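Protein chains: 4
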Amino acid sequence: MPVVKDYYTVKLHDTDAAGILFFANQFRMVHDMYEKFMIQNGFPFQERFTKGDYLIPIVHAESDYLAPLVTGETVEIELAVERIGETSFTLRYVIYDLDGHVVGKAKTVHVTMDLKTRTKISLPLPFRQMLEGYKGE
Amino acid sequence: MPVVKDYYTVKLHDTDAAGILFFANQFRMVHDMYEKFMIQNGFPFQERFTKGDYLIPIVHAESDYLAPLVTGETVEIELAVERIGETSFTLRYVIYDLDGHVVGKAKTVHVTMDLKTRTKISLPLPFRQMLEGYKGE
Amino acid sequence: MPVVKDYYTVKLHDTDAAGILFFANQFRMVHDMYEKFMIQNGFPFQERFTKGDYLIPIVHAESDYLAPLVTGETVEIELAVERIGETSFTLRYVIYDLDGHVVGKAKTVHVTMDLKTRTKISLPLPFRQMLEGYKGE
Amino acid sequence: MPVVKDYYTVKLHDTDAAGILFFANQFRMVHDMYEKFMIQNGFPFQERFTKGDYLIPIVHAESDYLAPLVTGETVEIELAVERIGETSFTLRYVIYDLDGHVVGKAKTVHVTMDLKTRTKISLPLPFRQMLEGYKGE
Numbered sequence: 521m522p523v524v525k526d527y528y529t530v531k532l533h534d535t536d537a538a539g540i541l542f543f544a545n546q547f548r549m550v551h552d553m554y555e556k557f558m559i560q561n562g563f564p565f566q567e568r569f570t571k572g573d574y575l576i577p578i579v580h581a582e583s584d585y586l587a588p589l590v591t592g593e594t595v596e597i598e599l600a601v602e603r604i605g606e607t608s609f610t611l612r613y614v615i616y617d618l619d620g621h622v623v624g625k626a627k628t629v630h631v632t633m634d635l636k637t638r639t640k641i642s643l644p645l646p647f648r649q650m651l652e653g654y655k656g657e
Numbered sequence: 521m522p523v524v525k526d527y528y529t530v531k532l533h534d535t536d537a538a539g540i541l542f543f544a545n546q547f548r549m550v551h552d553m554y555e556k557f558m559i560q561n562g563f564p565f566q567e568r569f570t571k572g573d574y575l576i577p578i579v580h581a582e583s584d585y586l587a588p589l590v591t592g593e594t595v596e597i598e599l600a601v602e603r604i605g606e607t608s609f610t611l612r613y614v615i616y617d618l619d620g621h622v623v624g625k626a627k628t629v630h631v632t633m634d635l636k637t638r639t640k641i642s643l644p645l646p647f648r649q650m651l652e653g654y655k656g657e
Numbered sequence: 521m522p523v524v525k526d527y528y529t530v531k532l533h534d535t536d537a538a539g540i541l542f543f544a545n546q547f548r549m550v551h552d553m554y555e556k557f558m559i560q561n562g563f564p565f566q567e568r569f570t571k572g573d574y575l576i577p578i579v580h581a582e583s584d585y586l587a588p589l590v591t592g593e594t595v596e597i598e599l600a601v602e603r604i605g606e607t608s609f610t611l612r613y614v615i616y617d618l619d620g621h622v623v624g625k626a627k628t629v630h631v632t633m634d635l636k637t638r639t640k641i642s643l644p645l646p647f648r649q650m651l652e653g654y655k656g657e
Numbered sequence: 521m522p523v524v525k526d527y528y529t530v531k532l533h534d535t536d537a538a539g540i541l542f543f544a545n546q547f548r549m550v551h552d553m554y555e556k557f558m559i560q561n562g563f564p565f566q567e568r569f570t571k572g573d574y575l576i577p578i579v580h581a582e583s584d585y586l587a588p589l590v591t592g593e594t595v596e597i598e599l600a601v602e603r604i605g606e607t608s609f610t611l612r613y614v615i616y617d618l619d620g621h622v623v624g625k626a627k628t629v630h631v632t633m634d635l636k637t638r639t640k641i642s643l644p645l646p647f648r649q650m651l652e653g654y655k656g657e
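Protein chains in written order, with the numbering used here: chain V, 521 to 657; chain C, 521 to 657; chain Z, 521 to 657; chain H, 521 to 657.
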């Protein structure tokens, strides 16, 4: 199945004095899901730091906010792999409230980079193969 | 049972360039658990803001760090009500790694405050009764 | 002058275990500058909450990351008003290192919203006039 | 002079839906000042990561909150070195509003630790000497 789903409950520290989710924290939310996705598929971030082989920095991010989210509210987040390139890939996230309405969207573009030379490298094969399994249509 | 338990997986954004949990984020972790505890016991934070009856600000916090935590690491957090006073209460948290070693501790002191007058008020009775149920020995 | 400039020094808590700025925190950085810009131009955020007249939520955000930033590094952030619509406006940010290289970019789209009805309203005139003064060419 | 002073303006993302500073973010505030203090005295954090000689983790932290802080509010933070031990030191922070009232306090205990062995080491001499210059009476 090309789409992964998970739930997130908005925390007090995700909100600000306007009473709703602070926009930058939606990126934190979707990145939490990306991190869990990587762990569950055998590519935990921590391994990148201990092995010191390559890093996967984000080079572009964007998001839309369609409805305000308050603390304690639970949302469902869908992750799909939108695009797989030679040295980069794009993840797409859709956030739903529990009535099924879209309340937010996000996209992150990642590149694979050699840790020492800080230059782009091709997506390592096992990693590329894992991503292929989650490619949305 | 006087102690509540939950799991938390350290996120990349909880860490800093030293490679481990940034100390202030341990407070975010334990507060997440407090928030979940309040929701599960019928006192969701959001109700305080919409009803506008009273607030429960933190007036003191402290924490100990016994071992470094890295991203992707799952810990178990125990919450207990340590003390219940007339206008305040104290929560105590112990954080364990999955081998059962204590890796962190925290304590937060909360007061109940009238939203309009900004003065301390006695703990509302239903809230006090709920807390009593979780009082550690 | 259509462009506002300010400096920011990357903090340890802005970074993560990869040793560089966590991507979502670049949004926090540019939003800090937007907030300062609003204060200096007579539209402090806190006034929106106390007056309770209207809010200015962000409905879209995007960013590019051109170079890694480490803790202690000082960057220069430029803010310009890119577009002013009937019920919305767009801010554009360019981030430079101290050698003058672009290390990041961001864009945020804001709408003005009635606090009670939660519907879009036209930009209040004094606010619109203030923004006009910072419109980039 | 044993005390260092600096100003901080509370940011929207420092607050939460209660309309005031989220307690954990006061630790972020005082740590920002500690980081600036280290840079200005020749011990930038980044050097610890690139040299990889030793780290200075926090093992204990505590704070008091005496008055609510809202976004846009500027406070003055005082830092003093309270105690210098063989392998650890304690920093003390006092936060004032612009009328001179104490609105918050904090304390952080730091140890010096060998990066490889993860064991405590004596404070390196030049670092100890720097700290001595800021010891409060």
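We treat Cβ as the ideally placed atom computed from N, Cα and C, and that holds for glycine.
For clarity, every value in this text was computed on a predicted model and none was experimentally measured.
CB contact below 7 Å: residue i versus chain H
{"i": "T628/V", "result": "no"}
{"i": "A581/C", "result": "yes"}
{"i": "F647/C", "result": "no"}
{"i": "D526/Z", "result": "no"}
Chain-order list of residues whose beta-carbon lies under 7 Å from that of residue i (same chain, five-residue window excluded)
{"i": "N508/V", "result": "This structure cannot speak to residue 508/V, because chain V is shown only from 521 to 657."}
{"i": "V614/C", "result": "E598, V622, K625"}
{"i": "N545/Z", "result": "D534"}
{"i": "I665/C", "result": "Shown here, chain C extends from 521 to 657; a query on residue 665/C therefore has no answer."}
{"i": "M558/H", "result": "P564, F565"}
{"i": "F547/C", "result": "A581, S583, A626"}
{"i": "L586/V", "result": "V622, V623, G624"}
{"i": "Y616/V", "result": "V595, E596, V622, V623"}
{"i": "L635/V", "result": "G572, D573, Y574, L575"}
Simplified DSSP state of residue i, which is helix, strand or coil
{"i": "D552/H", "result": "helix"}
{"i": "N584/V", "result": "This sequence places Asp at residue 584/V; Asn is not what is there. Strand."}
{"i": "L651/V", "result": "helix"}
{"i": "I576/V", "result": "coil"}
{"i": "D526/Z", "result": "strand"}
{"i": "K640/Z", "result": "strand"}
{"i": "A626/C", "result": "strand"}
{"i": "D634/C", "result": "strand"}
{"i": "A544/Z", "result": "helix"}
{"i": "T591/V", "result": "coil"}
{"i": "L611/Z", "result": "strand"}
{"i": "L599/Z", "result": "strand"}
Residue i at chain C interface by Cβ criterion, 7 Å
{"i": "E555/V", "result": "yes"}
{"i": "V590/V", "result": "yes"}
{"i": "T632/Z", "result": "no"}
{"i": "K531/V", "result": "yes"}
{"i": "F542/Z", "result": "yes"}
{"i": "G539/Z", "result": "yes"}
{"i": "D584/H", "result": "yes"}
{"i": "R548/H", "result": "yes"}
Cutoff 8 Å; reference residue i; Cβ partners in own chain excluding five residues on either side
{"i": "G656/H", "result": "P522, V523, A600, V601, E602, R612"}
{"i": "D536/H", "result": "F542"}
{"i": "M633/C", "result": "Y574, L575, I576, P577, T639, K640, I641"}
CB contact flag (residue i, residue j, <7 Å)
{"i": "F565/Z", "j": "T529/H", "result": "no"}
{"i": "E596/V", "j": "Y554/V", "result": "no"}
{"i": "T607/H", "j": "S583/H", "result": "no"}
{"i": "V631/H", "j": "K640/H", "result": "yes"}
{"i": "K531/V", "j": "D552/C", "result": "yes"}
Contact set for residue i: own chain, Cβ-Cβ below 6 Å, skip 5 residues either direction
{"i": "E652/C", "result": "none"}
{"i": "T610/H", "result": "E602, R603, V629"}
{"i": "M549/H", "result": "Y528"}
CB contact below 7 Å: residue i versus chain Z
{"i": "T535/C", "result": "yes"}
{"i": "L635/V", "result": "no"}
{"i": "H621/V", "result": "no"}
{"i": "I576/H", "result": "no"}
{"i": "F565/H", "result": "yes"}
Interface flag, residue i vs chain V, CB-CB below 7 Å
{"i": "F609/Z", "result": "no"}
{"i": "I559/C", "result": "yes"}
{"i": "D573/C", "result": "no"}
{"i": "D617/C", "result": "no"}
Between the region 577-584 of chain C and the region 567-577 of chain H, do three or more beta carbon pairs fall short of 8 Å?
no
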